[in-house]
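Numbering of the sequence shown is given in numbering that gives the first Met the number 0, commencing with residue 0 and proceeding in unit increments.
Glycine is no exception: its CB is placed at the ideal position from the N, C-alpha and C atoms.
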Amino acid sequence: MRILSLALTAAFLMSCSSGKKPDEQAFENSLDSAMMEGSSIDQEVIGSILDQIPSPLEISVLLKESGIKYNADLLNSPDNLPKYNSNYKMALNLGIYGTDLGYTNIYGQNQSGIKYLSSIKSLANQLNIGQFFDIETIGRLATNSKNLDSLLLITTQNFNAINHYLQQQNRSSLSVLLLTGGWLEAMQVTCQVASSNPSHKELREKIGEQKITLEQILLLFSFYESDENMASLL
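Okay, here's the thing in structure tokens:
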């Protein structure tokens, strides 16, 4: 399934009613330049783009603050863990589970959060990046909604550390997959909620705003055109 193409369509439809913002136009200009310069893998460029992409947890916060009720059916079940038997699947779903963990924690679903923590730790260990996940600290923060800011901070710090480590190990494609999985999960949850709440203007606007993020992700994928797994998402 061409998941990123579907996401682009959704973001475009939500944003087509408004003009481009100055920062969006500036990014698109730089995107065009980067595309014309070619698609050779440049670790510095990849790192710069990764740093610009916002945390998908921000969308979960918006859903909670909007009064939308918790719905576990929107998430990827921790029971699917055994299905992820390749580095590609593990990295992509580590990102997905990261978003699901944030969603469950924001809604105070602690028992579900513990299951996602376990799945995340398992995937991280198999990818040899388990050292970046202090499960004890994350679990402690996750059990108290007052610690949300700290949880968001430590999650961001963890991803940044993982990103830099994987780039140093020439495994930046895993960083891209991890980030993409997290963002796609946030998008699919938001789109499903928005379709059930068509009058919710803020959600529609938030989806439209993701167009620029998607373009950043597509630029990242252009560095891995020869990778069949990466191409399967386009």
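**Request:** Please report how far the alpha carbon of residue 103 lies from the alpha carbon of residue 112, in whole angstroms.
**Result:** 6 Å
**Request:** Could you check the C-alpha separation between residue 71 and residue 189 for me, to the nearest Å?
**Result:** 13 Å
**Message:** Let me check understanding here. Comparing Cα to Cα, which of 74, 207, 204 and 219 lies closest to residue 114?
**Reply:** 74
**Asked** Are the segment 169-189 and the segment 91-103 touching, with three or more C-beta to C-beta distances below 8 Å?
**Response** yes
**Prompt:** If you count every other CB in all the chains shown that lies within 10 Å of the CB of residue 81, and 16 or more means buried, which is it?
**Reply:** exposed
**Message:** I'd like to know if the segment 187-206 and the segment 58-69 are in contact, where contact means that at least 3 CB-CB pairs between them fall below 8 Å.
**Reply:** yes
**Request:** Taking only heavy atoms of the ligand MG into account, decide whether any of them is closer than 7 Å to the Cβ of residue 92.
**Result:** Of the ligands one can find in the structure shown there are none, so the ligand MG has no counterpart to examine.
**Item:** Reduced DSSP secondary structure (H/G/I, E/B, other) of residue 131
**Value:** helix
**Request:** Keeping to the same chain, check which residues put their C-beta closer than 7 Å to that of residue 181; ignore five residues upstream and five downstream.
**Result:** These residues qualify, in order along the chain: 55, 94, 95, 97 and 98.
**Message:** Quick check: residue 126 and residue 173, are their CB atoms within less than 8 Å of each other?
**Reply:** yes
**Item:** Separation of residue 133 from residue 86, as counted between CA atoms
**Value:** 21 Å
**Item:** Same chain only: Cβ atoms within 6 Å of residue 67, ignoring 5 sequence neighbours per side
**Value:** 192
**Prompt:** Does the Cβ of residue 92 have 16 or more other Cβ atoms within 10 Å, making it buried, or fewer, making it exposed?
**Reply:** buried
**Message:** Using C-beta distances below 7 Å, list every residue in its chain close to residue 205, excluding the 5 sequence neighbours before and after it, in chain order.
**Reply:** 58, 61 and 189
**Asked** Using the C-alpha atoms, what's the distance from residue 198 back to residue 130?
**Response** Distance between the alpha carbons of residue 130 and residue 198: 44 Å.
**Item:** Three-way DSSP call (helix, strand, coil) for residue 227 in this model
**Value:** helix
**Prompt:** So, residue 215 versus residue 48, is the Cβ gap smaller than 8 Å?
**Reply:** yes
**Prompt:** Just how far apart, CA to CA, sit residue 116 and residue 156?
**Reply:** 17 Å
**Prompt:** Quick one: what does DSSP say residue 168 is sitting in, helix, strand or coil?
**Reply:** coil
**Request:** Following the continuous alpha helix (DSSP H) through residue 220, name the residue where it begins and the one where it ends.
**Result:** 200-220
**Asked** For the alpha helix (DSSP H) that contains residue 71, what are its first and last residues?
**Response** That residue, residue 71, is in no alpha helix (DSSP H); it is neither H nor E in DSSP.
**Asked** Going by alpha carbons, who is nearest to residue 77 out of 110, 45 and 168?
**Response** 110
**Asked** CB residue 45 to CB residue 171, shorter than 8 Å?
**Response** yes
**Asked** Just to confirm, are residue 122 and residue 164 a CB contact at a threshold of 8 Å?
**Response** no
**Request:** Out of 202, 162 and 118, point me to the one whose CA is closest to residue 52's CA.
**Result:** Shortest Cα-Cα distance from residue 52 to any of 202, 162 and 118 involves 162.
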